[in-house]
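Basically this note's numbering = 1-based index in the sequence shown + 806.
C-beta: ideal position from N, C-alpha, C; glycine also.
Down below is the structure, laid out as structure tokens.
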Amino acid sequence: MSAISGPLIGRIPGGVVTAEIDVDARRTRVLIADDHPLYRSGLRGALGADARFDVVGEVGTGTDAIAASHRLRPHVVLMDIAVPGIDGISATKAIAGKCPGTDVVILTVLEDSDTFLPAMRAGARGYLLKGSGVDDIARAVGTVRRGGVAFGPVVSEWVIDHLKETHTDGGKPFPELTDRERAVLELIADGRGNDAIAYDLDVSVKTVRNYVSRIFAKLRIVERGEAAMYARRAGLGS
């Protein structure tokens, strides 16, 4: 199978996109987002030689990854984090929110657990290190296409460590939070607004806002709905 599924429609900064979208539902359409042309080319050639995949394009920036995801409707985007302009995590969040049917797998050299959680919270469905072999990458793409999540061996250890940390401190979720912050988070999970939380806890609305800001900073989240989702997953809320 050719590595390029259709004629080129032109070059964009940092990459190319293809004009045609493969309508064969049996093949997984893949978009590669990485700022290293040689790496993109090698990955494109390796995946393109596999009949299960149709590499519909490659881009070199986060902005172009978002635009190409809208235009080409890939099933999976292989996303580097350290791309120019909009970073890979922000691009992942945009794609996850605006491109239904497109999932993102992070593929990065950053062997750093501190980037893993923000990437997953942004909506990534997988996280692999660039040292992963082509077979591992292909397997991850297939897993995500089928609705699963995919982590490399090192990343799986991060997941286990995070779960252990989350359930320390007497089994309380989010041990990094104070008891009062955890109480506020639980009320957020119940759908309570700041005024209602202030009434329930007999504090001022300003105090509640301060609690919410600290919760967001400690959990590295930016939206109230995201806080509620993670709280409910951890068993908080009624």
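Is the Cβ-Cβ distance between residue i and residue j less than 9 Å?
| i | j | result |
| --- | --- | --- |
| residue 884 | residue 837 | yes |
| residue 896 | residue 868 | yes |
| residue 864 | residue 877 | no |
| residue 993 | residue 1007 | yes |
In the DSSP assignment, what residue or residues form a beta bridge with residue i?
| i | result |
| --- | --- |
| residue 956 | 932 |
| residue 1014 | Answer by DSSP bridge pairing: none, since residue 1014 is not bridged. |
| residue 993 | Residue 993 is not bridged to any residue. |
| residue 914 | 935 |
| residue 882 | 836, 909 |
Does the ligand SAH have a heavy atom nearer than 8 Å to the CB of residue i?
| i | result |
| --- | --- |
| residue 856 | Absence of the ligand SAH is noted for the structure shown, with no ligands found whatsoever. |
By Cβ distance, which residues of its chain are closer than 8 Å to residue i, with the 5 residues on each side in sequence left out?
| i | result |
| --- | --- |
| residue 1004 | 1010, 1011, 1013, 1014 |
| residue 917 | 935, 960 |
| residue 1000 | 1011, 1014, 1015, 1018 |
Considering only residues of the same chain and omitting the five flanking positions on each side of residue i, which have a CB-CB separation below 7 Å?
| i | result |
| --- | --- |
| residue 946 | 911, 932, 934, 956 |
| residue 951 | 834, 881, 882 |
| residue 1043 | 992, 995, 996, 1037 |
Assuming residue i is part of the alpha helix (DSSP H), what are its boundary residues?
| i | result |
| --- | --- |
| residue 1029 | Where residue 1029 is concerned, there is no enclosing alpha helix (DSSP H), given that its DSSP letter is neither H nor E. |
| residue 1007 | 1000-1007 |
| residue 851 | 843-854 |
| residue 941 | 940-951 |
| residue 897 | 894-904 |
Classify residue i as buried or exposed, calling it buried when 16 or more other Cβ atoms lie within 10 Å of its own Cβ.
| i | result |
| --- | --- |
| residue 904 | exposed |
| residue 1041 | exposed |
| residue 941 | exposed |
| residue 983 | buried |
| residue 1019 | exposed |
| residue 988 | buried |
| residue 866 | buried |
| residue 958 | buried |
| residue 844 | exposed |
| residue 870 | buried |
| residue 1028 | exposed |
| residue 829 | Caution is warranted here: a pLDDT of 44 is assigned to residue 829, below 50, making its placement in the model unreliable, and the coordinate value is therefore given only provisionally. Per the 10 Å Cβ criterion, exposed. |
Near residue i, what residues of its chain come up, given a Cβ to Cβ distance below 6 Å and the 5 sequence neighbours on each side ignored?
| i | result |
| --- | --- |
| residue 786 | Because the chain in this structure spans residues 807 to 1044, residue 786 falls outside the shown range and cannot be described. |
| residue 914 | 886, 887 |
| residue 874 | 823, 837, 863, 865 |
With 9 Å as the threshold, decide whether the Cβ of residue i is near any Cβ in chain B.
| i | result |
| --- | --- |
| residue 989 | In summary, chain B is missing from the structure at hand, where a single protein chain is found. |
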